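These notes concern the structure reproduced below.
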Amino acid sequence: MTDVHHIQVPLWYLPLLVLIPAAVAAGVVPWLGRRARTRVVPEKDPDWSIPPLADSHGQGISLIHRWDVRCKIVTMLAYSFAIASLRHLSAAAAALCVSLVVLLAAKVSFHKVLLRVFALAGFLGMLLVVMPLTVPVHPGDTILVFGSLDWLNVNLRGVVLAATIAAKAMAIALLMEPLLSTAPLPVTLHGLSRLGVPDMAGQMVLLSYRYLHVFTHEARRMTAGMQARGFEKKTNMATLRALANFLGMIFVRSFERTERVFDAMQARGYNGRFPDPGHLQIQWLDILQTGVWVAAGTALVLFDYVKV
Amino acid sequence: MGDRPADRHTTSTFHGTNVSRSHGACPEPGGLAPLFCVQNLWYAYPDGIQALSGVDLDILPGDRMALVGQNGSGKTTLIKLLSGLLAPAQGTVCFKGRALTGDHLDESRLGIGVLFQDPDDQLFGHTVMDDVAFGPGNQGKSRKTAILYARQALHQVNLEHLAYKEPHNLSYGQKKRAALAGILAMQPGVLILDEPTANLDPGQEAVFLDLLKGFAGTLICISHDLIFLYELCEKAVVLHKGGIHHKYTMRELVSRRSSLRDHGLDFSFRLCTPANGVHAHEEDKKNGSETRSNEYAKILAEPSAHPSLVRLEKYRYVYPDGTPGLQDFSLDIHEGEKMAIVGENGAGKSTLLACLCGLRQGRGTLFFGGTPVTRKRYKNLWRRVGLVFQDCADQLFCASVQEEMLFGLRRLGLSSDECRHRAADTLARVGLAGFENRVPLHLSGGERKRLALGCVLAMDPDLLILDEPTAGLDPRGEELLMAILETFDKTLLLVSHDLFFIEKLTHRTLVMHQGRVIGDLPTPVFMQDDKLCNLNGLSFSYRQRTTTAIQKLQHEHEHRHPHLHIHDHPHHHGRTVHTHPHEHLHDHPHRFVHTHPGGQKNHDHANRLVHDHAHPGHDAEPHDHSHE
Chain L
1 MTDVHHIQVP LWYLPLLVLI PAAVAAGVVP WLGRRARTRV VPEKDPDWSI
51 PPLADSHGQG ISLIHRWDVR CKIVTMLAYS FAIASLRHLS AAAAALCVSL
101 VVLLAAKVSF HKVLLRVFAL AGFLGMLLVV MPLTVPVHPG DTILVFGSLD
151 WLNVNLRGVV LAATIAAKAM AIALLMEPLL STAPLPVTLH GLSRLGVPDM
201 AGQMVLLSYR YLHVFTHEAR RMTAGMQARG FEKKTNMATL RALANFLGMI
251 FVRSFERTER VFDAMQARGY NGRFPDPGHL QIQWLDILQT GVWVAAGTAL
301 VLFDYVKV
Chain F
1001 MGDRPADRHT TSTFHGTNVS RSHGACPEPG GLAPLFCVQN LWYAYPDGIQ
1051 ALSGVDLDIL PGDRMALVGQ NGSGKTTLIK LLSGLLAPAQ GTVCFKGRAL
1101 TGDHLDESRL GIGVLFQDPD DQLFGHTVMD DVAFGPGNQG KSRKTAILYA
1151 RQALHQVNLE HLAYKEPHNL SYGQKKRAAL AGILAMQPGV LILDEPTANL
1201 DPGQEAVFLD LLKGFAGTLI CISHDLIFLY ELCEKAVVLH KGGIHHKYTM
1251 RELVSRRSSL RDHGLDFSFR LCTPANGVHA HEEDKKNGSE TRSNEYAKIL
1301 AEPSAHPSLV RLEKYRYVYP DGTPGLQDFS LDIHEGEKMA IVGENGAGKS
1351 TLLACLCGLR QGRGTLFFGG TPVTRKRYKN LWRRVGLVFQ DCADQLFCAS
1401 VQEEMLFGLR RLGLSSDECR HRAADTLARV GLAGFENRVP LHLSGGERKR
1451 LALGCVLAMD PDLLILDEPT AGLDPRGEEL LMAILETFDK TLLLVSHDLF
1501 FIEKLTHRTL VMHQGRVIGD LPTPVFMQDD KLCNLNGLSF SYRQRTTTAI
1551 QKLQHEHEHR HPHLHIHDHP HHHGRTVHTH PHEHLHDHPH RFVHTHPGGQ
1601 KNHDHANRLV HDHAHPGHDA EPHDHSHE
């Protein structure tokens, strides 16, 4: 058992090591948020007469697009578990690199990737700040002590641990974009259904995705209606009452819409199942791709194991 | 799909008499088996509302039938029962000779297309293609064949280029057409439509009309818009309080003003618009146009009496995604002006309204009441600008009408007494006195629109903005709304595709296109400018033609000529008072409905010698004919 190493660093290192990265993060995260929320209208409207995930020859635009959706779901989920099991920063960093390469290969939307990164950034940033200061001190740990600030101990093991978790989380999150954006949602849900997930769950996801937008628009219009008559959020009973009415009305309207949607579905012959969005067939290329992924996952796990 | 036997329908089976068909009489006179046979149909909703009571109706193959009636008369319930979405509480609905239940219902649904009012209810697919192929898929067609059918249907509605777009990224008109494509792809023999053109601009309405005219199967259409239905349908069934009141031919229905009025369907007040090219009220039209032109000229000539209320200078608004909403927009609205804004969908009208009432803030200069609107003042624009939304359900969210009225008033900081006083006054003004405890969500469309207007009027705005106020209203609702707005004496900004309302209520019209002003002229001048109308998708040729035809049917004016009356009323002969039918010849002026040769041609009524019309005081007149 080895002792804890304390490294005394001058106080002026503090801004260099903590405050400057924090300030950079404070600047970068809102920028990411703005970029993620800003949608840029493409100069040329896409050709909507063909499926957006296919080129003019009806083939996918990347290998991952062409991959059978069932193989893709199973393989990527298994690969994600493999990443989650890594314990070393170097292995996690390697997994992150693989995810970035996959992102580039899959040619997915940079904007959507940014949205995912932004969603994670706050949580991971907090982890990076808090963990070095809070992890329990174990024998062999290295502690940085800034000048005479004895109460401010930065545990380097905490830094590495937080970085490892962040790298693994980011590596998995980045893979979700190639997993979900390289096939139309109905096809992905059809694949899930073929893998044994109940049909009803898939249909609920599909309808929720569609009507989330409708309810969002409805809520925005109702908010505008309230603002046009002077509604302003304050900490008082009037605001609470108005918000309760607003939520109640949204709920009632949503409930009534679900009934109308069900009527419309029944009127077009819905009998509990959506028509299959296409025929799924596993080809040799799909098995080959699966094999490559399995190999990559195994290599990462072995690399991580060897590091021990 | 069968061919439509256009001349199969005779007025002998459909005429202006109250319905009294005996139950169980399925076969139609002439031997043709009805496609739908509705017998003694009753339906009540779980909350106890009796929606239909004792409905009997036969619909023949190839019929083109309009279902009309006031809001709440049971039209939508009837089509839900016809399409098997509701089960009758009592009575039967037969389709092709068999009751709509069990397997027959499942099979029948695949041949009956129902288009609902709100396209968002019907577009539940991930993309337009997924949605349109949904029906053919349920019909058992392979994915490839379903897509083929879907493509054909999308081609019909001119949306093939948007086949793989997500429905929530379509405009309202595109959604409505996509929903229709979803029905057409199933190649139904029966098409049932619920308010197919509600909230559509005239350009989109024309697309719908062409498609529906070309539909070869049986057509059942609910609409308040009889001008739209006139050429589309041949029969009309009038529903009232859950029962069928009349079965007419369409021509008979539109020519019977008294019957239309009884059922809140009298749209005749619309028939005198100058835009329709009909000259029956040539004098009125000329006088009205001159008056409105004079009003506009007066406002411009007297800037001290009518100072600028709103002024925009080089105003720009760009949406977060980079789409330009307003571009270098300049506008001056004077106090007391009545102004209309027209333009195609996406021209920037709604963006402008949102900027004017402080919901959006663009770049450029905005003056309100002569003072520049700063960021802080933007937040307070609602105190002086009232906005009534196109879909008024978006601005009604309280649990009662009274709460709804008080919501804005309380935010103005008025005392409780003042709030209640204003609310009561305004409710009376919009014809909703006594509705205080009603739930806004349960009001009819017209009542909700008037409530939304009342909520805004109660706040006494300097500028009242109305966004498509007539959308979804029945003719009675429109007439009431018109009456309320005619009494509004402050500045009015009306965004509408409805040329009749524009002509009646405004004296200045602003034409917008792609976020810019391309025309700013007196309303009477705009009305005569066909180029501007067409540029903005305000193609009214169908409406003009139909209106002219209806007006000829409804033609009514005063004549003085000898004619016969057939009376049955008490009358005096000396001291004797008695009643019996009798006839005698008169020569006195009276009004009656008759067809007209058109234009300014002279016409006589010698061939209409017997007239049935009101004859006040006649029973007290001396009678010179003999009595048995």
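Protein chains in written order, with the numbering used here: chain L, 1 to 308; chain F, 1001 to 1628.
All C-beta atoms in this analysis are idealised placements derived from N, C-alpha and C, irrespective of residue type, glycine included.
Quick caveat: nothing in here was measured; it's all calculated off a predicted structure.
1) Name, please, each residue of chain F whose Cβ falls closer than 9 angstroms to the Cβ of residue 261 of chain L.
2) Starting from residue 271 of chain L, find everything on chain F with Cβ-Cβ shorter than 9 angstroms and list it in chain order.
3) Can we say the region 1510-1530 of chain F touches the region 1327-1337 of chain F, given the rule of at least three CB pairs closer than 8 angstroms?
4) Looking at the C-beta of residue 1493 of chain F, does it have a partner C-beta in chain L at a distance below 8 angstroms?
5) On the three-state DSSP scale, how would you describe residue 1313 of chain F?
6) With a 10 Å radius around its C-beta and 16 neighbouring C-beta atoms as the bar for buried, classify residue 1037 of chain F as buried or exposed.
7) Of the residues that make up the region 1412-1444 of chain F, which ones have a beta carbon closer than 8 angstroms to any beta carbon in chain L?
8) Give me the chain L residues within the contact set of residue 1186 of chain F, using Cβ-Cβ distance strictly less than 9 angstroms, ordered along the chain.
9) Could you tell me if residue 319 of chain L is buried or exposed, where buried requires 16 or more neighbouring beta carbons within 10 angstroms of its beta carbon?
10) Taking all protein chains shown into account, do 16 or more other C-beta atoms lie within 10 angstroms of the C-beta of residue 1221 of chain F, making it buried, or fewer, making it exposed?
11) For a contact meaning CB atoms closer than 9 angstroms, what does residue 69 of chain L contact in chain F?
12) For residue 1631 of chain F, count neighbouring Cβ atoms within 10 angstroms of its own Cβ and tell me buried if that reaches 16, exposed if not.
13) Report the rounded CA-to-CA distance for residue 256 of chain L versus residue 263 of chain L, giving the unit in angstroms.
14) Run through DSSP, which three-state label would residue 193 of chain L get?
15) Mind checking if residue 101 of chain L is an interface residue toward chain F, Cβ cutoff 8 angstroms exclusive?
16) Please compile the residues from chain F whose C-beta is within a distance smaller than 8 angstroms of the C-beta of residue 264 of chain L.
17) Cutting at 6 angstroms between CB atoms, please list the residues of its own chain near residue 1032 of chain F, excluding the five before and the five after it.
18) Grab me the residues of residue 292 of chain L's own chain with a C-beta within less than 6 angstroms of its C-beta, minus the 5 sequence neighbours each way, in chain order.
19) Do you know offhand how far residue 1054 of chain F's Cα is from residue 1236 of chain F's?
20) For residue 16 of chain L, does the three-state DSSP call read helix, strand or coil?
21) Round the Cβ separation of residue 1189 of chain F and residue 268 of chain L to the nearest angstrom and send it over; I've been treating them as touching at under 8 angstroms.
22) Can the beta-carbon of residue 64 of chain L be found closer than 8 angstroms to that of residue 178 of chain L?
23) With burial defined as no fewer than 16 other Cβ atoms inside 10 Å of the residue's Cβ, what is the status of residue 1499 of chain F: buried or exposed?
24) If the criterion is Cβ atoms closer than 8 angstroms, does the pair residue 289 of chain L and residue 97 of chain L meet it?
25) Kindly say whether residue 48 of chain L, judged by its beta-carbon, lies nearer than 8 angstroms to any beta-carbon of chain F.
26) Answer with buried or exposed for residue 284 of chain L, where buried requires no fewer than 16 other C-beta atoms within 10 angstroms of its C-beta.
27) At a CB-CB cut-off below 7 angstroms, which residues of chain F make contact with residue 249 of chain L?
28) Compute the distance between the beta-carbons of residue 325 of chain L and residue 133 of chain L, then report whether it is under 8 angstroms.
29) Could you work out which residue in F/1118, F/1114, F/1086, F/1452 is closest to residue 1402 of chain F when comparing CA atoms only?
30) Using beta carbons (cut-off 8 angstroms, strictly below), is residue 245 of chain L in contact with chain F?
31) Going along chain F in order, which residues have a C-beta closer than 9 angstroms to the C-beta of residue 278 of chain L?
32) What is the DSSP secondary structure of residue 8 of chain L, counted as helix, strand or coil?
33) Given this structure, state the Cα-to-Cα distance separating residue 8 of chain L from residue 15 of chain L, to the nearest angstrom.
34) Within 8 angstroms (strictly less), CB to CB, does residue 1045 of chain F reach chain L?
35) Please classify residue 1005 of chain F as buried or exposed, where buried requires at least 16 other C-beta atoms within 10 Å of its C-beta.
36) Excluding sequence positions up to five away, which residues of its chain have a Cβ less than 6 angstroms from the Cβ of residue 1390 of chain F?
Reading from the atomic positions:
1) For the purposes of this step, residue 261 of chain L is identified with residue 261 of the first sequence, where counting begins at 1. Here the neighbours are 1120, 1121, 1122, 1124.
2) Counting from one through the first sequence, the residue named residue 271 of chain L turns up at place 271. The contacting residues are 1106, 1138.
3) yes
4) Locating residue 1493 of chain F in the second sequence gives position 493, where the first residue counts as 1. Closer than 8 angstroms: no.
5) For the purposes of this step, residue 1313 of chain F is identified with residue 313 of the second sequence, where counting begins at 1. The answer is strand: DSSP assigns residue 1313 of chain F an E or B state.
6) As a working note, residue 1037 of chain F is residue 37 in the second sequence. Result: buried.
7) 1412, 1441
8) Mapped onto the second sequence, residue 1186 of chain F falls at position 186. Going along chain L in sequence order, the residues near residue 1186 of chain F (Cβ under 9 angstroms) are 268, 269.
9) There is simply no residue 319 of chain L to check, as chain L begins at 1 and stops at 308 in what is shown.
10) Locating residue 1221 of chain F in the second sequence gives position 221, counting from the first residue. Buried, by the Cβ-count rule.
11) Sequence index remark: in the first sequence, residue 69 of chain L carries index 69 (1-based). Those within 9 angstroms of residue 69 of chain L in chain F number zero; the least Cβ separation is about 14 angstroms.
12) No information on residue 1631 of chain F is available, as it lies outside the stretch 1001 to 1628 that chain F covers here.
13) Taking the first residue of the first sequence as position 1, residue 256 of chain L is located at position 256. Taking the first residue of the first sequence as position 1, residue 263 of chain L is located at position 263. So the alpha carbons of these two residues sit roughly 11 angstroms apart.
14) Residue mapping note: residue 193 of chain L aligns to position 193 of the first sequence, counting from 1. In the structure shown, residue 193 of chain L sits in a helix (DSSP, three-state: H, G or I).
15) Here residue 101 of chain L is taken as the residue at index 101 of the first sequence, counted from 1. No, its Cβ sits nowhere closer than 8 angstroms to a Cβ of chain F.
16) On the first sequence, position 264 is the one that residue 264 of chain L refers to. Here the neighbours are 1114, 1116, 1121, 1122, 1124.
17) Residue mapping note: residue 1032 of chain F aligns to position 32 of the second sequence, counting from 1. Closer than 6 angstroms at Cβ, skipping near neighbours: 1060.
18) For the purposes of this step, residue 292 of chain L is taken as the residue at position 292 of the first sequence. Hits under 6 angstroms: none found.
19) Indexing the second sequence from 1 puts residue 1054 of chain F at position 54. Indexing the second sequence from 1 puts residue 1236 of chain F at position 236. Their backbone Cα atoms lie some 18 angstroms apart in a straight line.
20) For the purposes of this step, residue 16 of chain L is identified with residue 16 of the first sequence, where counting begins at 1. Helix at residue 16 of chain L.
21) To locate residue 1189 of chain F, count along the second sequence from 1; it is residue 189. To locate residue 268 of chain L, count along the first sequence from 1; it is residue 268. Contact doesn't hold; Cβ gap of about 15 angstroms is too wide.
22) In the first sequence, residue 64 of chain L corresponds to position 64, counting from 1. In the first sequence, residue 178 of chain L corresponds to position 178, counting from 1. Contact: yes.
23) Against the second sequence, residue 1499 of chain F aligns to sequence position 499. Its Cβ being crowded by 16 or more others within 10 Å, residue 1499 of chain F is buried.
24) Translated into positions along the first sequence, residue 289 of chain L becomes position 289. Translated into positions along the first sequence, residue 97 of chain L becomes position 97. Not closer than 8 angstroms, so no.
25) Here residue 48 of chain L refers to the residue found at position 48 of the first sequence. Closer than 8 angstroms: yes.
26) Numbered from 1 along the first sequence, position 284 holds the residue referred to as residue 284 of chain L. With fewer than 16 Cβ atoms within 10 Å of its Cβ, residue 284 of chain L is classed as exposed.
27) Counting from one through the first sequence, the residue named residue 249 of chain L turns up at place 249. Chain F residues near residue 249 of chain L: 1397.
28) Any question about residue 325 of chain L goes unanswered here, given that chain L covers just 1 to 308.
29) Translated into positions along the second sequence, residue 1402 of chain F becomes position 402. When each option's Cα is compared against that of residue 1402 of chain F, the closest is F/1452.
30) As a position in the first sequence, residue 245 of chain L is number 245, starting the count at 1. By this cut-off, residue 245 of chain L is an interface position.
31) For the purposes of this step, residue 278 of chain L is identified with residue 278 of the first sequence, where counting begins at 1. Those are 1143, listed as they occur along chain F.
32) In the first sequence, counting from the first residue as 1, residue 8 of chain L sits at position 8. Of the three classes helix, strand and coil, the one that applies to residue 8 of chain L here is strand, per DSSP.
33) Translated into positions along the first sequence, residue 8 of chain L becomes position 8. Translated into positions along the first sequence, residue 15 of chain L becomes position 15. Computed Cα separation, rounded: 15 angstroms.
34) By one-based count along the second sequence, residue 1045 of chain F stands at place 45. Output row for residue 1045 of chain F: interface = no.
35) The sequence position of residue 1005 of chain F within the second sequence is 5, counting from 1. With a pLDDT of 34 at residue 1005 of chain F, under the threshold of 50, the modelled position of this residue cannot be trusted; read the value that follows with caution. Answer is exposed; the Cβ neighbour count stays below 16.
36) Taking the second sequence and counting its residues from 1, one reaches residue 1390 of chain F at position 390. Closer than 6 angstroms at the Cβ level, and outside the excluded window around residue 1390 of chain F, lie 1467, 1468, 1471.
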